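Just below is one structure, and these are the notes that go with it.
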Amino acid sequence: MSKQYEIVVASYKEPMNWLRYLPKEENRAYQLTVSNSADRRDVTAADRTLTIENAGREAGHYLKFIIDNYDNLLPVTVFLQADPWAHCFAHMDDLLEILFGEPNFEHPVCYLGAGYAGGGLPVQKYSLSDHILRLGWGSTPYPSGTPISIGAQFYVKKETILKRPVEHYKGIYTAAFDPDISLGHALEGMWGKVFQH
């Protein structure tokens, strides 16, 4: 079966027994990739397991995946945490549709359970969020306002990712190695801003 989208699960040492309930590889429309920062070898349900440096929480996994796969992305990438259920408990139907159904990826980027929309909250100048976004945007002004959602789980279309150069994502990824920044917490509700163009 041709894979229509990719699910990337950011993991460290969390229990991931839920993966065994997913459809078998030949029966699912997606490629399942586990991005791991603990060199785990017990995720046999995955189509592939990537090992990366432990930096930046889930944001480090997401950005590293984009950087390393920039030229080989499937039409849609879904980014999940190792325990996705705890991070979208109010919108379980969206997650179940992605894992077991036939999802309709209608937005350029969309948090699970929260539709993508323009506007939103402004980023405070000289704030941590402003600093992190500047690592990608440089001196170019980034769009004002951003959609906010908790959980850091979302899908994004390939063409949306490719509207920003790979250097954009590399710049933001450098914050994963700053001991004074919790990149995962800083970007949790800001992914819409990362992909805006």
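Quick note: the sequence shown uses the working numbering, first residue 5, plus one each step. In this text, a Cβ means the ideal position worked out from N, Cα and C, and glycines have one as well. Quantities reported herein were computed from a predicted structural model and do not represent experimental measurements.
Rounded straight-line distance, which links the Cα of residue j to that of residue i
i	j	result
Leu116	Gln157	6 Å
Thr144	Glu171	13 Å
Leu23	Tyr34	13 Å
Tyr120	Lys197	Confidence in Tyr120 is poor, its pLDDT being 44 and thus under 50, which makes the residue's placement unreliable; the coordinate value appears in the next sentence. Distance between the alpha carbons of Tyr120 and Lys197: 11 Å.
Trp195	Leu139	14 Å
Ser39	Ile11	10 Å
Asp51	Leu137	32 Å
Ile71	Tyr173	7 Å
Asp46	Val113	31 Å
Glu29	Lys129	46 Å
Leu99	Gly155	12 Å
Arg44	Asp87	16 Å
Asn108	Asn21	26 Å
Lys167	His135	21 Å
Tyr177	His91	22 Å
Helix, strand or coil at residue i [DSSP, three-state]
i	result
Tyr130	coil
Val47	coil
Leu103	helix
Phe69	helix
Asp184	coil
Asp97	helix
Leu26	coil
Phe199	helix
Gly123	Note that Gly123 has pLDDT 47, beneath the 50 cutoff, so the model's placement of it is unreliable and the number below is only indicative. Three-state DSSP puts Gly123 in coil, outside helix and strand.
Residue of the options minimising C-alpha distance to residue i
i	options	result
Asp75	Lys162, Asn31, Ala190	Lys162
Glu106	Asp43, Asn31, Leu191, Ala14	Asn31
Tyr159	Asp43, Asp46, Glu101	Glu101
Pro169	Phe199, Leu103, Met20	Phe199
Gly64	Pro147, Ser15, Met96, Asp51	Ser15
His247	Pro147, Ile165, Glu62	An answer regarding residue 247 cannot be provided, because it is not within the stretch 5 to 201 covered by the chain.
Ala59	Ser186, Leu191, Gly193	Ser186
Glu192	Asn21, Ile56, Asp184, Leu84	Leu84
Glu18	Trp89, Tyr66, Phe104	Trp89
Ala180	Ser41, Val13, Gln8, Tyr9	Ser41
Bridge-paired residues (DSSP) for residue i
i	result
Lys161	Val80
Asn40	Ser15, Thr55
Tyr202	The requested residue 202 is not part of the displayed model; the chain covers only 5 to 201.
Gln85	Ala14
Residue i, buried or exposed, once every other Cβ within 10 Å from all chains shown has been counted against 16
i	result
Leu36	buried
His201	exposed
Phe69	buried
Ser6	exposed
Pro79	exposed
Tyr25	exposed
Trp141	buried
Ser131	exposed
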